[in-house]
Amino acid sequence: MIRTLTVLGAMLAGTAALAQDSVPIQPMDVNAARAELGKRMFYDTRLSGDTTLACASCHSPEMAFTDGEALSQAYTGAGHFRNSPTLANVGYRDAWLHDGRLGTNLNDVAREMITETYLMNMDMRIMQERMKQDPKYVEMFAAAGMSEPSNGGARNALMDFMKTIVSRGAPIDSGEMSDAAKRGQLVFEDRANCASCHSGPRYTDDQPHNTGVGDNPDIWADPARHSAFVTYGKFMGVENYMALREDLGAYIRTHRDETKRSFLTPTLRELTYTAPYMHNGTIGTLEEVVEFYDAGGGDDSLKDARLQPLGLTRGEKADLVAFLKALSGETFDIDAYVWREDDFDYELIEDWRNAKN
Ligand code: HEC
Ligand code: HEC
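When you line the sequence shown up against mature numbering (1 follows the signal peptide of the UniProt record, and there is no 0), it's residues -19 to -1, 1 to 338, in that order.
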């Protein structure tokens, strides 16, 4: 009761009294020549075993580096069981992948993406030799202070490129929020308590929580996805992985029961471009996300106690959506992030494909 009164008081005193000040995302320190090299690699399909996928296939700049699919694309003949996450501000994360199974260096994530059989399925020893065959790479590695194309150098270059993917121009930072978004910010921070997990300038605590998001049945209906899911469960040491019919989230690395079905809090930056939502893409729109939280989240015995039915009015829900949209900035579809096609010798790539077939 006391809390409600305080909120009312603050609202009467004007919205600015309660809303937290926003903090724009700061650019990260990178080696510019290495980042430029990483950018070229990011758009190069020769980084995948059969030269069909580039990082950008699943992390497209127009969609804030996601792929717009509920469940991500995958390597030829395989299927994926997770939603492709945004790479906006990814250099600032404390842990990566929806279950947080990698958490030391961003360049480890680059290796996982390249070598994982259901992602790019690339043997890095071959990748290195492919890069040495391309004079442009030889030149760019030298410009970045490396004697020749190498796996370690390639991973660091991808890391530096990813660190340049930083949000800018969102209404929350420029102070150009609509009145609806300002009202939505108050709901977000106080009544709905969203900020207890979606905190800080990226709107994430980088921690796993169980929100009760339901499973995506396509993982088990599609043999290509299911075989990848089983491969993952087996590799991570889950018992009875053949019979598993749920994504265990952070449990996969902790093996502690209370962490079952908990997933890392995603950033809320750039949501306008990154639908569908959640680790498995099962929620299609921001309106539906707000309905999900208004109902107190999903149905799960391990659900975080902070998620309770909210009883938001129709107006409060619309304000909350307006606020979430105000966290998105300019698109990344600009020169800084896209390696132009004419910079690649696509004939060379075709030659490789033909030689393989
Ligand atoms: C075939 C699709 C696909 C390709 C190609 C791909 N990714 Fe990913 N990426 C994903 C998926 C799916 C996830 C989430 C996986 C999970 O949670 O297990 C992911 C996660 C990530 C993450 C972690 C983001 C976070 O917030 O946790 C980074 C970083 C990343 N990818 C970078 C890259 C880079 C760099 C490349 C190229 C070397 C690449 N990806 C290629 C689909 C792809
Ligand atoms: C207990 C911590 C917690 C609270 C409180 C919380 N969230 Fe979340 N949020 C999460 C987690 C964890 C996920 C990811 C769940 C998943 O992937 O299955 C998530 C996902 C989301 C997403 C999807 C983002 C994406 O890119 O997929 C949105 C949007 C969102 N939350 C908004 C909100 C709003 C609005 C509120 C308040 C009404 C809120 N959250 C309250 C932890 C929380």
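Using N, Cα and C, we set each Cβ at its ideal position, and we do this for glycine too. These figures come from a predicted structure and were not determined experimentally.
Thinking C-beta only, is residue j closer than 9 angstroms to residue i?
{"i": "residue 70", "j": "residue 153", "result": "no"}
{"i": "residue 265", "j": "residue 274", "result": "no"}
{"i": "residue 42", "j": "residue 228", "result": "no"}
{"i": "residue 25", "j": "residue 39", "result": "no"}
{"i": "residue 271", "j": "residue 298", "result": "yes"}
{"i": "residue 305", "j": "residue 249", "result": "yes"}
{"i": "residue 99", "j": "residue 222", "result": "no"}
{"i": "residue 396", "j": "residue 142", "result": "Nothing about residue 396 can be read from this structure; the chain reaches only from -19 to 338."}
{"i": "residue 149", "j": "residue 73", "result": "no"}
{"i": "residue 244", "j": "residue 194", "result": "yes"}
{"i": "residue 122", "j": "residue 134", "result": "yes"}
{"i": "residue 45", "j": "residue 251", "result": "yes"}
{"i": "residue 151", "j": "residue 307", "result": "yes"}
{"i": "residue 161", "j": "residue 303", "result": "yes"}
{"i": "residue 113", "j": "residue 129", "result": "yes"}
Around the Cβ of residue i, are there at least 16 other Cβ atoms within 10 angstroms (buried) or fewer (exposed)?
{"i": "residue -17", "result": "With a pLDDT of 42 at residue -17, under the threshold of 50, the predicted position of this residue should be treated as unreliable, and no value is reported."}
{"i": "residue 126", "result": "exposed"}
{"i": "residue 11", "result": "buried"}
{"i": "residue -12", "result": "Bear in mind that the predicted position of residue -12 carries a pLDDT of just 43, short of 50, making it too unreliable to give a figure here."}
{"i": "residue 261", "result": "buried"}
{"i": "residue 181", "result": "exposed"}
{"i": "residue 137", "result": "buried"}
{"i": "residue 263", "result": "buried"}
{"i": "residue 120", "result": "exposed"}
{"i": "residue 144", "result": "buried"}
{"i": "residue 80", "result": "buried"}
{"i": "residue 66", "result": "buried"}
{"i": "residue 163", "result": "buried"}
{"i": "residue 377", "result": "The structure shown does not extend to residue 377, since the chain spans only -19 to 338, so no value can be given for it."}
{"i": "residue -15", "result": "Bear in mind that a pLDDT of 39 at residue -15, under 50, signals an unreliable position, so the number given afterwards is only what the model happens to contain. Exposed."}
{"i": "residue 124", "result": "exposed"}
{"i": "residue 240", "result": "buried"}
Identify the residues that DSSP records as bridge partners of residue i: which are they?
{"i": "residue 83", "result": "77"}
{"i": "residue 189", "result": "245"}
{"i": "residue 264", "result": "258"}
{"i": "residue 230", "result": "243"}
Residue i and residue j look like a contact to me (Cβ under 8 angstroms); what is the Cβ gap, rounded to whole Å?
{"i": "residue 284", "j": "residue 192", "result": "7 angstroms"}
{"i": "residue 28", "j": "residue 35", "result": "6 angstroms"}
{"i": "residue 68", "j": "residue 77", "result": "Contact flag wrong, Cβ pair sits at about 10 angstroms."}
{"i": "residue 246", "j": "residue 188", "result": "6 angstroms"}
{"i": "residue 292", "j": "residue 203", "result": "With a Cβ gap of about 38 angstroms, residue 292 and residue 203 do not count as contacting."}
{"i": "residue 226", "j": "residue 201", "result": "6 angstroms"}
{"i": "residue 54", "j": "residue 170", "result": "About 36 angstroms separates the two Cβ atoms, so there is no contact after all."}
{"i": "residue 254", "j": "residue 309", "result": "7 angstroms"}
{"i": "residue 62", "j": "residue 209", "result": "6 angstroms"}
Enumerate, from N- to C-terminal direction, the unbroken alpha helix (DSSP H) stretches of 4 or more residues contained entirely within the region 41 to 80. The qualifying runs do not exist here; there are none.
Within the region 141 to 186, ranges of the alpha helix (DSSP H) (whole runs, at least 4 residues): The qualifying runs are 152 to 155, 160 to 167.
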